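S.K.:
In the working numbering, the protein residues as written are 1 to 69.
(1) For residue 59, does the three-state DSSP call read helix, strand or coil?
(2) How long is the line joining the alpha carbons of residue 32 and residue 66, rounded to whole angstroms?
(3) What is the DSSP secondary structure of residue 6, counted as helix, strand or coil?
(4) Relative to the alpha-carbon of residue 35, which residue among 68, 52, 7 has its alpha-carbon at the smallest distance?
(5) Give the secondary structure of residue 20 by DSSP, where H, G and I count as helix, E and B as strand, and everything else as coil.
What follows is the structure, given as structure tokens:
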């Protein structure tokens, strides 16, 4: 996978206008871009972890239902 470029306010604004029909102010688009770029960086870090042969842990915690007898 190639190097990801930083998410810009212009990109966020264009996607919001084209896909959702919802134009954004420059300030709001900048705020969304900052937050979403941080999330994308975290996802990139998770994808880089060596988890190819690791199976997920199975967690089973039975809960006893409350009865009104």
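A virtual CB, placed ideally from N, CA and C, is assigned to each residue, including glycine.
The model shown is predicted, which means the values in this text are computed figures rather than measured ones.
M.R.: Let's see:
(1) coil
(2) 44 Å
(3) coil
(4) 7
(5) In this structure, residue 20 counts as coil in the three-state DSSP scheme.
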